[in-house]
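Chemist: Have a look at the structure that comes next, please.
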Amino acid sequence: TDEGTTGGGAAPSAGATTIKEGLKITFLPKQVNNPYFDTSDNKGGKVAVEEFKGVYAQTGPSDTGASAQVSYINTLSQQQVDVIVVSANDKDAICGALNEARQGGAKVVTYDSDTNPSCRDLFINQATAEGIAKSQIKLISEAIGPDGGEIAILSATANATNQNAWIEMMKTELAKPENAKLKLVATVYGDDNDQKSFAEAQGLLAKYPNLKGIISPTTVGVAAAARYLSGSSYKGKVQLTGLGTPNQMRAYVKDGTVKAFALWNPADLGYLAAYAAGALASGIITGKEGDKFKAGKLGEFTVGANATVLLGDPFAFNAGNIDQFNF
Amino acid sequence: MAPLLELTGVSKSFGAVAALRDVHLDLHRAEIHGLVGENGAGKSTLVKILAGVHAPDQGTLALDGSELVLNGPASARAAGIAVIYQEPTLFPDLSVAENIFIGRQPLGVLRRIDTGAMRARTRDLFARLGVQLDPDRPARGLSIADQQLVEIAKALSFDARIVVMDEPTSALSGAEVERLFSVARTLRDAGAAVLFISHRFDEIFALCQRITVLRDGRWISTDQTDAVTIEQLVRRMVGRDISSMYPKTDATVGKARLEVRGLTRHGSFSDVSFTIHSGEIVALAGLVGAGRTEVIRAVFGVDRFDAGEVLVDGRRLPPGDTTAAISAGLALVPEDRREQGLVMEVSVARNLTLPRRWSLSRLGLLLGGAENRSARTWADRLRVKAGRLTNPVSTLSGGNQQKVVLAKWLSTRPGVLMVDEPTRGIDVATKAEVHGLLSQLAADGVAVLMVSSELPEVLGMADRVLVMHEGRLMADIPRARADEESVMLAATGQGNAS
Amino acid sequence: MAAQTALRTEPATPARSTAGARIVRRAFVVRELGIVLALALLVVVTAAVNPRFLSAQSIKDLLLGSTILAILAVGQTIVVVSRNVDLSVGSVLGLAAFATGSLFVASPNLPIPVVLLAGVLLGAACGAVNGALVAAARVPALVVTLGTLYVFRGIDYSWAGGRQINAANMPAGFLRMGSTAILGAVPYLALFAVVVLVVAGLYLSWYSSGRDLYAIGSNPSAAHLAGIPVGRRVFAAFVVSGALAGLAGVLHAARFGTLDANAGLGNELDVIAAVVVGGVAIFGGSGSVYGAAVGAVLLTTIGSALPVLGVDPFWQRAAVGALILAAIGLDRALSARLARRLRTRRGGRRA
Amino acid sequence: MAAQTALRTEPATPARSTAGARIVRRAFVVRELGIVLALALLVVVTAAVNPRFLSAQSIKDLLLGSTILAILAVGQTIVVVSRNVDLSVGSVLGLAAFATGSLFVASPNLPIPVVLLAGVLLGAACGAVNGALVAAARVPALVVTLGTLYVFRGIDYSWAGGRQINAANMPAGFLRMGSTAILGAVPYLALFAVVVLVVAGLYLSWYSSGRDLYAIGSNPSAAHLAGIPVGRRVFAAFVVSGALAGLAGVLHAARFGTLDANAGLGNELDVIAAVVVGGVAIFGGSGSVYGAAVGAVLLTTIGSALPVLGVDPFWQRAAVGALILAAIGLDRALSARLARRLRTRRGGRRA
Ligand SMILES: Nc1ncnc2c1ncn2[C@@H]1O[C@H](COP(=O)(O)OP(=O)(O)OP(=O)(O)O)[C@@H](O)[C@H]1O
Ligand SMILES: Nc1ncnc2c1ncn2[C@@H]1O[C@H](COP(=O)(O)OP(=O)(O)OP(=O)(O)O)[C@@H](O)[C@H]1O
Ligand SMILES: [Mg+2]
Ligand SMILES: [Mg+2]
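So the sequences go chain by chain: A, B, C and D.
Per the numbering used here, the first sequence starts with residue -14, numbered consecutively.
Per the numbering used here, the second sequence starts with residue 41, numbered consecutively.
Per the numbering used here, the third sequence starts with residue -10, numbered consecutively.
Per the numbering used here, the fourth sequence starts with residue -10, numbered consecutively.
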């Protein structure tokens, strides 16, 4: 890559309106061998960076160890990239390295999974806990029908902060009168592992004979549960929804195991993160509340409290629209 | 004066096996005391009681007239008892010096190990024994004889008042044995008591002042050495007479079965050539470490060699392939039965039939019946004392284990049988039996190559004696001309008898 | 020979092999019975709490869940019995599973047997690498397979990259194989496990090359001197273990439908746990594939039963650990009893 | 006998001791030198590609990253040398890390030494469980610690529940200990590792009870006969390994600031990999803590160097695996040479 063009990228002129060309923007996902990040970075972020003629790259560890990202961040700051777009494996473990990078002149944008706000310039939030909880409850209640019944949640790990926040919001949502007929009987953890999730789904159905629906707000969990239901006698009798990707769920939507499920579009998330990164490095925004910037085909976004930009509400996929998506 | 150490009414059972029953033994100061008995008579069990390894079920030990309770090998050491075990107990990864001083290394400042002192003391010990070993080399790779010498050095290093030696000479040849004897006599003259166990009567009579006989775990007799004869001892040990010691029958020598030409393994032996014919017993003699074991291991394909070739019945054996050697009719009874001869957790029957799995199976399918029948035949022929043939072979006594190894290989009906120290640790009755068996095999046309460090055995059994010295074949002496002197001269590299 | 005939007059050692054999055999039966009983107890208690635990669907799920672990446990037993260990099975499974998916992506109409064969061959190739290193370099298998655990997983990672292969990419027939049952509650996949188990069990006890593995595990150098081609047998054991891990990989693909580079990650310890719980001696020489397979079923059942019993799911791991420790205790107790019995019988004869 | 006196005239054993010591020592030095060289090569090549790889910050990160693994590797070496293995270290680390966090949550003003001590004691208690089971029940350590791996992690899970303890719950001084450096590039945490390493190294080579561990690993039954209190020594080795894992847990808490029940999950294989790469014989009797520590640094450095070298991150695992296999090759070559030398030396006497 061309070293010469980027020297000034780190010192933005205040009040600029267009994104500079030649910005070096590197995505650092939690894990490179993960289809979700493959989509967000290589199908979203890359497209955006090329639109504003920046230099795109993606790198990262192949496992999700808490400190695995540190040496990547150090390398990136050594390479003098303009913006590091990172999804943090650990809220604190990479803080030191990120701050070093920022002192070296790089901007830091987090997406998907945030760090401590003090270690980054901007966080691109894919969805609010409230938005996710609302959509999940809505989908399960539509799938089960007006009579309601018992439902259960199949989560990722017991410690996952975002999962726990979503589950709390779902409980709040269930407490509302319009959802009075839905009764949450259990929350189990599949550890984002196919086999464990599969076994947990199985356990739920063995334990709760009257179970009517399962919500699995994690891509691994929902695919495993769908796979289990599709091959069992519960197919069609027990409803399933959750957060999943269209490719993963296509077979199960088509065979009737799953009526609808939700997700933000990870490609849009990467796309937005890239534009936010470009805007930040060009001085269009600084990260303070109320800053506005244009994100290509997605339109205009406003920076909210805590230097956070929200992508929007999750999108519901069903048999009617699933074939339009490929990620 | 009370005896230095006195055992009174000692009994020891393993489960319901009474290894020792009401045994009495007293060791006096400045005495070498011999202990003899058949395989499984309980000698090693007695040793282990003295060593604190086993606690007696009944009976007491008294040291200097006051009762002695041992609760572990450490307390036996503290009481001044040093033991050479029947099976070497070395640490292959540690240096020879550390092997000798482990657990009680000379300490320097801050209780730090003083390696210099340790090395110097090891060198002194080796000088006393006339051993040429580097104190800093690891014990890994030492021959059994060298291991035994290190064990002896270890026992000496204690300056113990009581030294127990469980078959210390079984792996040694003449020179080492003689040196061990002079050390034992020095110990005795300094006032120590030595308990000496051996299956070789010449040694017992040469060394000991008194001799105790055990049979089936019972004390039979204790006599002054000059008050008994070998015949009396043997009768007490086995409860009957042994007809002949070396039942060598003259065999007709047939065609060449095994030819070894120019066999060389760098650093071990070089240019070894010999031929063995059917019907003859050839002894391979030499001092410890002469390389005899290595030669026959290489012939059998266990170890590789650098030059030369091995032919069986005129056909060349592929090197390093034991399976091919076995199917060509070779058999090897190794010297180290625990390490190499037996599959310890597996039943006696399985061990007996191990090399013949193929001939006992149909299409690779092994059926228990044939296996057990054959095992029983051979166990009977060698009079293996085993509770059940289906018991793990680890439950047998040392001598009986040796018989299992022997039977295992005899049962393959080999054309060429190589035996390495075939009677090491075997009692007198079984020894005669093994000799008879070898003789019988030769008469049946088998070519037998016998590595032995026991000169009487070599002279008594061999039709021809090959003598090795420091990795080279020095002499090929026919039976008629073989005597102690000619063999020893060749073994020490002085005479070139042929 | 005179000496011999004279000696022969002593009562020849009476070889009452049958009685002794019975004791030893009984001890093994007891060992396996112990774990079968533990399994039965678990099932009965769970079913008492929730009768649906014994429904056809639930039993099918249990069997399905055990299949892959059981197949891996059989392969592992073959290796462990020969005093080796194969830590790389999880990685081999992952590689074979991803290969299966990739094959279907490349040519969706491939017949299932071809894919099965491909998975098995790939696994066998990985096993051959392990076997060659262990047998030729004579390095402890623990170290070799720890190395190949990383290597095979690394290959899997760089092959899969970030890709994921989904149910939609695989033919419906193949996926059906992973979820349907015959005879109501016996899933197809479990039939694979049963066939593998029976073949391996018969091979190890009836065939001389199978027995060789026990001899090797008991005393490798004695086995070598006895003319057993130790290297070749150990090599073969690793190839078989690899091939079974490959088969397990294909079945994993059929069962889970979603494949990425993480399939089977960390499985190796579970497999060893199953083998140990099933009574196979970790340093070789004894144990049966049946025990190991029951061990696999028991571990899987615990995973399914605890939630039904309402036990906090956090305790599941602790329960697996407790089971391993209990298995240790049982083995200790049994082998102590066996030793006592054998000695008593001996003594009886002597006295 | 005449022949024997003749024998005696041979020159009495010449002072070849130093030569023998030299050969053996050289073999070990070569072994450890090999891995130090590999490390140096990696650093030099990486620094040539990107000089900032040798910046103070980068070196600090490297040392920080190696510290925890190195401490675990030292503990593991002590256990492995005595022919045992401790698979539970990852779980013990996790437990101690979570305990640290919980202590601070309960009383935020606890002095750091108290917390360190608490972590070490908790780890030692876990180690005592392992040691008691291995030494008293005489069960292979692989099996025992596989069991306690699950048990300790299970306890951790059910203690932590879904909770997470964050940096905000821990005093700033404690967190500073986990990230600051003295002398520019040497982080505080690394000092812990250095002290642990030196103390353990001296203990194992200078003290009688340390040498006992090598003797036990070399030949356990001979060690018993030699009066070495085998059970007590093995027990102590496990306690030390547990205590060091506990220490590593506290340091983990200081370094990462975020604690949940998954800290150290799966670490055990990395630790064993470091030990093996460092030249410790997996079946006991030989190896040094220095080698193991360098092994830990090498494994960590690979993880940091590959991205700098621009190697596809997917290959990182494969590189670790390749390193293990290379270490095996080196060990083989060296021990073959050593054996040849020992043989030749005797041969030399005869020729
Ligand atoms: N640990 C043990 N467990 C069970 N039986 C044992 C044990 N040790 C020895 N025995 C049995 O005790 C008896 C005496 O054995 P011991 O080793 O003392 O014989 P020995 O006289 O030394 O024989 P050898 O000359 O063959 O060495 C044998 O029957 C042996 O099988
Ligand atoms: N596996 C081995 N590795 C290294 N050195 C060995 C090995 N086996 C034997 N040696 C050495 O080779 C030399 C020859 O030993 P070998 O056992 O062949 O002698 P031997 O004549 O059979 O004597 P012994 O009476 O001890 O059986 C010895 O010095 C021994 O230390
Ligand atoms: Mg004995
Ligand atoms: Mg020999």
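C-beta atoms are modelled at their ideal positions from N, C-alpha and C, and glycine is treated no differently.
What you are looking at is a predicted structure, and each value in this text was computed from that prediction instead of being measured.
(1) Excluding the 5 residues flanking phenylalanine 141 of chain B on each side, which residues of the same chain have their C-beta closer than 6 angstroms to its C-beta?
(2) Could you list which residues in chain D have their beta carbon closer than 9 angstroms to that of glutamine 88 of chain A, in chain order?
(3) Check whether the Cβ atoms of methionine 508 of chain B and arginine 337 of chain B sit closer than 8 angstroms, and answer yes or no.
(4) Quick one: does proline 251 of chain A have its CB under 8 angstroms from some CB of chain C?
(5) State the Cα-Cα distance for the pair leucine 422 of chain B and serine 414 of chain B, rounded to the nearest angstrom.
(6) The alpha helix (DSSP H) that contains serine 360 of chain C, what's its start and end?
(7) What in chain D is Cβ-close to serine 47 of chain A, meaning under 8 angstroms?
(8) Taking alanine 149 of chain C as the reference, give the member of C:Ala86, C:Pro296, C:Ala281 with the closest Cα.
(9) Use the C-beta contact count for glycine 275 of chain A: other C-beta atoms within 10 angstroms, 16 or more gives buried, fewer gives exposed.
(10) Any idea if glutamate 185 of chain A is buried or exposed, counting beta-carbon neighbours within 10 angstroms, 16 or more meaning buried?
(11) Answer yes or no: does any C-beta atom of chain B fall closer than 8 angstroms to that of alanine 212 of chain C?
(12) Cutting at 6 angstroms between CB atoms, please list the residues of its own chain near alanine 117 of chain D, excluding the five before and the five after it.
(13) Take the Cβ of glycine 162 of chain A as the centre, count every other Cβ of all protein chains shown within 10 Å, and call the residue buried at 16 or more, exposed below.
(14) Does the beta-carbon distance from leucine 314 of chain C to isoleucine 291 of chain C come in below 8 angstroms?
(15) How is the beta strand (DSSP E) around valine 456 of chain B delimited, first residue to last?
(16) Whose Cβ in chain C lies nearer than 7 angstroms to the Cβ of phenylalanine 272 of chain D?
(17) Between the alpha carbons of glutamate 510 of chain B and glycine 329 of chain B, how many angstroms are there, rounded?
(18) Give a yes or no on whether 8 angstroms exceeds the smallest Cβ distance from serine 126 of chain A to chain C.
(19) Which residues in the same chain as glycine 220 of chain C place their Cβ atom closer than 6 angstroms to its Cβ, once the five residues preceding and following it in sequence are excluded?
(20) Among D:Ala328, D:Leu131, D:Leu61, whose alpha-carbon lies nearest the alpha-carbon of aspartate 259 of chain D?
(21) Give the single residue among C:Lys49, C:Ala308, C:Ala282, C:Arg321 whose Cα lies nearest to the Cα of glycine 64 of chain C.
(22) Quick check on this structure: which residue in C:Ala107, C:Ile261, C:Phe42, C:Ser91 has the alpha carbon closest to the alpha carbon of glycine 284 of chain C?
(23) Thinking C-beta only, is valine 286 of chain D closer than 8 angstroms to alanine 59 of chain D?
(24) If the cut-off is 9 angstroms on Cβ atoms, which residues from the stretch 57 to 69 of chain C count as contacting chain D, listed in chain order?
(25) Do you know whose CA, among B:His306, B:Ala160, B:Ser492, B:Ala364, lies nearest leucine 214 of chain C's CA?
(26) Counting Cβ pairs, one atom from each stretch, are 3 or more of them under 8 angstroms apart for the stretch 299 to 309 of chain C and the stretch 86 to 96 of chain C?
(27) Counting only Cβ pairs nearer than 9 angstroms, list the residues of chain C close to arginine 142 of chain D.
(28) Counting only beta-carbon separations shorter than 8 angstroms, does aspartate 308 of chain A have a partner in chain C?
(29) Between D:Val69, D:Arg321, D:Leu84, D:Thr247, which lies nearest to glycine 143 of chain D when the distance is taken from Cα to Cα?
(30) Taking the Cβ atom as the reference point for each residue, do isoleucine 355 of chain D and leucine 202 of chain D lie within a distance shorter than 8 angstroms?
(31) Exposed or buried, serine 222 of chain B, counting other C-beta atoms within 10 Å across all chains shown (16 or more means buried)?
(32) According to the neighbour-count rule (16 or more other Cβ atoms, all chains shown, within 10 Å of its Cβ), is glutamine 98 of chain B buried or exposed?
(33) Which stretch, first to last residue, makes up the alpha helix (DSSP H) that contains aspartate 249 of chain C?
(34) Whole angstroms are fine: how far does the CA of lysine 88 of chain B sit from the CA of threonine 430 of chain B?
(35) My output table needs one value for threonine 100 of chain B: the three-state DSSP class, helix, strand or coil.
(36) Leaving out five residues on either side along the sequence, give the residues of the same chain with a beta carbon under 6 angstroms from the beta carbon of alanine 10 of chain C.
Modeler: So, from the listed chains and residues:
(1) Met158
(2) Within chain D, no residue comes near glutamine 88 of chain A; the closest Cβ sits about 10 angstroms away, beyond 9 angstroms.
(3) no
(4) no
(5) 13 angstroms
(6) Only positions -10 to 340 of chain C appear in the structure, and residue 360 of chain C is not among them; the question remains open.
(7) Pro302, Phe303, Gln305, Arg306
(8) C:Ala86
(9) exposed
(10) buried
(11) yes
(12) Val228
(13) The sequence given here places proline at residue 162 of chain A; glycine does not occur at that position. Exposed.
(14) no
(15) 456 to 460
(16) Pro129
(17) 7 angstroms
(18) no
(19) Ala124
(20) D:Leu61
(21) C:Ala282
(22) C:Ile261
(23) yes
(24) none
(25) B:Ala364
(26) no
(27) Arg306, Ala307, Gly310
(28) no
(29) D:Leu84
(30) Not covered by the structure: residue 355 of chain D. The range shown for chain D is -10 to 340.
(31) exposed
(32) exposed
(33) No alpha helix (DSSP H) holds aspartate 249 of chain C; DSSP gives it neither H nor E.
(34) 27 angstroms
(35) strand
(36) Here alanine 10 of chain C scores only 49 on pLDDT, less than 50, and its place in the model should not be relied on; the value that follows carries that caveat. Contacts found: none.
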